[in-house]
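Protein chains in written order, with this note's numbering: chain V, 434 to 1120; chain U, 31 to 344. Even glycine gets a Cβ: it sits at the ideal position worked out from N, Cα and C. One structure is given here, and the rest of the page talks about it.
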Amino acid sequence: MSGIAARRVHWAWFALIGLTLAVLAARDSLGALMVFPETWVLPMTAWFNAGMDVVVAQTGPFFRGISRALAVPMGWIRDLLQWMPWTLTLSLLTLASYAVSGWKLAFFTALAVFYMVVIGYWAESMNSLALVVMSVPMAVLLGFLVGTAAYYSARADRVIAPTMDVLQTIPVFAYLLPILLLFGFGPVVGLIASILYAVPPMVRNTTLGLRRVNPEVIEAGMMAGATPLQMFWRVRVPSALRQILLGINQTMMAAFSMIIIASIIGGTADIGWEVLSTMRKAEFGESILAGIVIALMAMVMDRMTARAANASRADDAPDDPWSRYRYWVIAVVMTVTILVASRLLPFLHTYPETWEVYPAQMLNDWLTYVLVEFSDTIKSIKTVALFYIMLPVKMGLEQTVSPFSWGFALTPTLKTGYAVLALAGAVWFGLRGRVGAAVLVAGLAILLYFGLTRLPWPSIMGVVMLLAWQVGGSRLALGTGAGMAFLLLAGVWPEAMLSVYLCGIAVVLSFTLGTMLGILASENDTVSAILRPINDTLQTMPPFVLLIPFVMIFKLGDFTALLAIISYAIVPSIRYAEHGLRNIAPEVIEAAEASGATRLQMLWRVRLPLAAPQLMLGLNQTIMYGIAMLVIAALVGTNGLGQRVYIGLSNGDFGTGMIAGIGMAIIAMIADRITQAYSRKVQPAAR
Amino acid sequence: MKKRFCIAAGTALTMSCALVANADSNDPIKIPINEWTGQHISAHITGTLFQKAGYEVEYVTAGAVPQFIALANGELHVQPEVWTNNVGEIYPKAVESGDILVLGQLGLQPQEGWIYPPYMEEMCPGLPAYEALYDCAQSFAAADTFPKGRLITYPADWGTRSRDVVAQIDIPFEPVAGGSEGAMIAELKSAVATGDPMIMMFWQPHWLFAEQEFNWVSWDPADGECVEEEGQSRGNACGFQQASIDKIANISFKENYPAAFALYEQIVIDNDMQNALMLEIDQKGRDLEEVIAEWIDANEATWGPWVEAGMAAK
C-alpha cells in the first residue's frame, strides 16, 4: 500500500474511534445507535416460514418418495451388518487394513473392532457403520458429479461454490427441521442429512483436482486423438485421482461426525443414540465409552483412506493373477471358514454378554474424586477467568468491576486513570510511528471498558468493514457490510455479538496456546509424538462427549462452553503451527545459525515469519472449528445464535432456526474471507 | 401406509383391501423411546401390555420433536407420555389437522415450576413467594450472572417458558439454559452438597424428590388458565401453565389395531408408580427391562382388566 493510502486508512481508523467515543458519551440520547431499533427489523422469520410451507406443500410427495426408496438398501445393509458374525467383520476389516497399509494398521483395526465387541456395543456400532457405509458412496458419487459440473461450466461453478460454502458453514441443526419436514422420519432422514453435510469436500476436491491436471498431459491426450469421453475417464480423472481420493477421505470424516446428529432425528438405535441418551443423564463414563467407538471407527477409516490416497498408482500392480487377487481369495476363504466355525462355536457369532467389560462406574468414580478433591481450585480458576477475561469482553470493565468481583469499586479517579493510561499507550506507539499498534491499543481499551455487547452497532460494523477493506479491498468490505446488515435486519444482532464474544475469546486462547504447543512440538519429537494421538482423539471424538466432564466440573454457563470450544478448536492451531515450522527450508535455518542468532531470535525473526502463511491457515481453521462448536456449546447454556438454532428446532419454527444458522454462516464466512485475504497479503512478504 | 397402497392397487382389489384394513394388522406397533427415564417406563409398560394382548411391538428411538412428524404420518403409532407444554408448534398443528388423536391423560399429575433447596429461605426470607426474588436476586447470583440472580431453566430445545416469565414480570434474574436433564441434576446435587445458592426450573414426577427435599416458588393465583407467553406482570404473575400428560396415537391406530386401541384407552400410570420404578432404574442402576418385568409380574391385578378390555374389542 502506498504512503498516501496508508495514511488515509489511519485517518479512517482515528475517525472511527472518535465517532465511537462520541456516540458512547451521548449514549443515553442515542438509543437507536446503541441498540438496533426493533421497528427497523424486517419480518424475515415469517418470510422464511411462508416460503418453507409452499416448498413442503409442493414437493413433499417427491421427497417422501426418495426417502422411501432409500429405506430399502439401507435396511439391507443394516441387516447384513447385523447378521455377520463379529469375528467375520473383524477379520475382513483387519485384512482390508493390512492390504492397504500393513501390519501396524491391521493391528490397530483389530483392536478397535474388538473394543466395540468387548464393551457390549456391537449391534449399535454396526447400525452406525451402516449409516456411514450408505452415506459415503452416495456423497462421493453426488460430489463427483457436481464437482465435474463445476469444472466444466463456469456458470454452474458460480452457483455451486457459494452453495458448498453455505452447506459447510450453516450448522446442521439449522437444516435438520426442513429435512424432517420434507423427508419424514427415521434412519433414512439421518442418512440424507449426512450426505448433505459430507458432499462439499468431495465437490471441492473434484473440481480442484480436475483443474490442476497438467496441461501437457491433456495436450498429449488430444494428440493421441482421444474422444471427449475418453479424455475425461482416461486422462483427466486418473491425473486428478489423488485429489479425488483426498476428497473421499474428507467426506468420510464428515459422515462420521454426523452420526450423533443423525440419531437426534431418530430411529437409528445406534451408537449416536447411546451417546445422546447417556449424555442426557450426565453419565460421564457411559458416554465416554460410547464416544470412543465413534472415534475409533473414524480413526481406522481415516488411516485406510488417507493411505489409499497416498499410495502409488494402481497401474504398477504385478500381472500374475495370484498377487493381484490374493486378498480377494483370502477374504472368500476367511468368510467361508468363519461362517462354518461360528455355527459350531456360537461365541464366534455373538459375543457372550458375560465376557463383556464395562468400566463406566470406574470412570464415574474417578470424575467424582476429581470433583470433590479439587473443588476449590476449580472454583477459583473459573472465577478468575470470568472476572478478568470473559466478563470484561462481554459487558466491559464498566459493568464488571465492583467490590463483589474485583474487590473495589470503579471510582471516577480510576476511570480517569484508565483513560489516561490508554491514551498514553496509544500516543506512545503513535509517536514511534507505529500507528497500527496505536489504533489497536485505543480500540482494545474501548472494547474492554464498554464490552462487546454494549458497543454501538455502527462502530462494530465500521471496524469490521474497515478491516476488510484494508486487507481485501472494497469488494470484501461491501460483502462484509451486507452480511452484517442481514444480522441487523433479521434482528439477531445481540445474539450474534454474544456468539462473537464467546467464539472470539476461544479463538484467541486456542490460537495462542495451540501455536505455543505447535512450536514445542516442532522442536521436540517426544512432544510431537505425545500430542498426535491427543489431537486425533479430540478431532474424532464427538464433541458432545467432551461437554459432560466439563459441565460436571465447571457447571453450566459460558466458561464451560469456552473450554469445550477450545478443546475442539485448538487442534488445527497445533497442527498447522507444527507443520509450518517443520517445513522451513533447512538452508535458511543454517544461514541464521551461522549468523549467530539466539534461539529466541531464531524463533521470532526467522521461523515464525517464514511459517506465517501456515499459521494464518491454522487461525482460519481454528475460527471455523470454533464457530462449528457454538451450536454444541449451546447445550451447556450459552445465549448466542447457537441457542436460537435449538429454539427454532424445538418449536418447529423453521425461520428462527434458519436465520440463526445463516447468521453463524455469515460470521464464519466474514472471518474466513478476512483471514484468507490477510494470509494472501502476508504471503509474498514472507517468501 | 396400507390405505395408500390400497388406493394404488385399484378397484379390482377394493374388497380384499377393505378386509385387511378392518382386521388386526400384523405389523409391529411402533412406540417411540425419548431420552428420559419416565417416558421409557410408560412406553415399555404400554408395549409389554400390547405384547400380552398378542401384538408385536417395536421400540424406536426418537427425538422429542421429530417423533411428532412420525406420529402424524403413521410411521410411529402411539406415544403414551406427551408433556403438552414442552412441545413446540408441530404437535398442536398435527392434532388440529386430525393426524394425531389425543386419548386423554395418562394419569400422571405433573407439576412444573421453580424449585430451590430449603436452605435458600434463610438467605432469602420471604420465599416461597416469587415477590421475594425481586429483592434478593443477589443471593442467587453467581460469578457469570452477577449482579443478577442465576436461574437455571430447561434446556433451550424444551422451549423458553422460564425466559418468557422472567421477561414479563421483570425480575433481575439471568436465565441460563440447563443444557440437559443430567446437567441440571448434577447442578442441583452439587449445589446442595456445598450449600451454594440455587434456583431451577424443574418438574415432577421425578426420582430426585424421593432423595432430597426441594421447595416450590409460589405464584399469584391465576385468573382462569395461566398463560405464560403474555399478560403477566409483577403483582399479577401466575407462573406456569401446569402441564397435562397425554396419551396420543396416530389417527389410523384405532382402525388397524382395534384391540390394542381398546387396551391403550384403559392404561393409567400415576406418579407413585412411575416414581418407584424411576428410583429403581436411575438410582439403583438396574436394567429397564428387568424392572418393568418385575412390575408386570407383581401387578396383574392392575393390568389384567386392561388387557381383558382389549381382548374384548378384538
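Arg1077 (chain V) is classed as buried because its beta carbon has at least 16 other beta carbons within 10 Å across all chains shown. In the three-state reduction of the DSSP assignment, Ser248 (chain U) falls in the strand class.
Counted as a single uninterrupted DSSP element, the alpha helix (DSSP H) harbouring Asn1084 (chain V) occupies residues Leu1074 to Asn1084. The beta carbon of Leu1068 (chain V) falls within 9 Å of a beta carbon belonging to chain U, placing the residue at that interface. In the three-state reduction of the DSSP assignment, Asn266 (chain U) falls in the strand class. In the DSSP assignment, Lys277 (chain U) is bridged to U:Gly134. Among the residues facing chain U, Ile822 (chain V) is not included, as its CB has no counterpart in that chain under 9 Å away.
Apart from sequence neighbours up to five positions away, the residues of its chain that approach Thr542 (chain V) with a beta-carbon distance below 6 Å are Leu526, Thr527, Ser530 and Val733, ordered along the chain. Across the structure, Val940 (chain V) and Phe807 (chain V) are spaced so that their CA atoms are roughly 27 Å apart. By the Cβ-count criterion, Leu475 (chain V) is exposed, with fewer than 16 other Cβ atoms from all chains shown falling within 10 Å of its own Cβ. Gln663 (chain V) is bridged by DSSP to nothing; it lacks a bridge partner. Annotated three-state conformation of Tyr146 (chain U) is strand, per DSSP. Straight-line spacing of the CA atoms in Phe944 (chain V) and Met153 (chain U) works out to 43 Å.
Judged by DSSP secondary structure, Ile182 (chain U) falls within the beta strand (DSSP E) whose first and last residues are Gly179 to Thr183.
Here the alpha carbon of Leu722 (chain V) sits roughly 16 Å from the alpha carbon of Asp969 (chain V).
For chain U, the residues of the region 1071 to 1086 of chain V that bring a beta carbon within less than 7 Å of one of its beta carbons are Gln1076, Tyr1079, Ile1080, Leu1082, Ser1083, Asn1084, Gly1085 and Asp1086, in chain order. Within the region 192 to 221 of chain U, contact with chain V at the beta-carbon level (separation under 7 Å) is assigned to Val206, Ala207, Gly208, Gly209, Ser210, Glu211, Gly212, Ala213, Ile215, Ala216 and Glu217. From the listed residues U:Thr78, U:Thr91 and U:Gly77, the smallest Cα separation to Trp66 (chain U) is found for U:Thr91. Residues of the region 83 to 102 of chain U that bring their beta carbon within less than 7 Å of a beta carbon in chain V comprise Val90, Thr91, Ala92, Gly93, Val95, Pro96, Gln97, Ile99 and Ala100, in sequence order. If only complete runs of 4 or more residues are kept, the region 626 to 682 of chain V shows the alpha helix (DSSP H) at 648 to 656, in order along the chain. Take the alpha-carbon of Ile71 (chain U) and the one of Gln81 (chain U): they are about 15 Å apart. Sequence-distant Cβ neighbours of Leu979 (chain V) in its own chain, meaning closer than 6 Å and more than five residues away, are Ala997 and Ser1000. Val206 (chain U) and Asp991 (chain V) have their alpha carbons spaced roughly 9 Å apart. Assignment of Val87 (chain U) by DSSP, reduced to helix, strand and coil, places it in the strand class.
Put simply, the CB of Trp706 (chain V) is near chain U, with a gap under 9 Å to one of its CB atoms.
Using a 10 angstroms sphere on the CB of Tyr758 (chain V), the tally of other CB atoms stays under 16, which defines it as exposed. Think of a sphere of 7 Å around the beta carbon of Val984 (chain V): the chain U residues whose beta carbon falls inside it are Gly209, Ala213 and Ala216, in chain order. Residue pairing of Ala159 (chain U) in beta bridges, as defined by DSSP: U:Ser248. Uninterrupted beta strand (DSSP E) stretches at least 3 residues long and entirely within the region 915 to 964 of chain V do not occur. Look at Met974 (chain V) here: in three-state DSSP terms it is coil, with no helix or strand label. By the neighbour-count definition (other C-beta atoms within 10 Å, threshold 16), Arg1113 (chain V) is an exposed residue.
Beta-bridge partners assigned by DSSP to Gln234 (chain U): U:Gln141. Residue burial annotation: Glu338 (chain U) is exposed, with fewer than 16 other C-beta atoms found within 10 angstroms of its C-beta. Following the DSSP letters along the chain, one finds Phe541 (chain V) inside the alpha helix (DSSP H) bounded by residues Trp536 to Val551. The beta carbon of Leu238 (chain U) sits no closer than 9 Å to any beta carbon of chain V. Taking C-beta atoms as the reference points, Leu101 (chain U) and Pro58 (chain U) fail to come closer than 9 Å.
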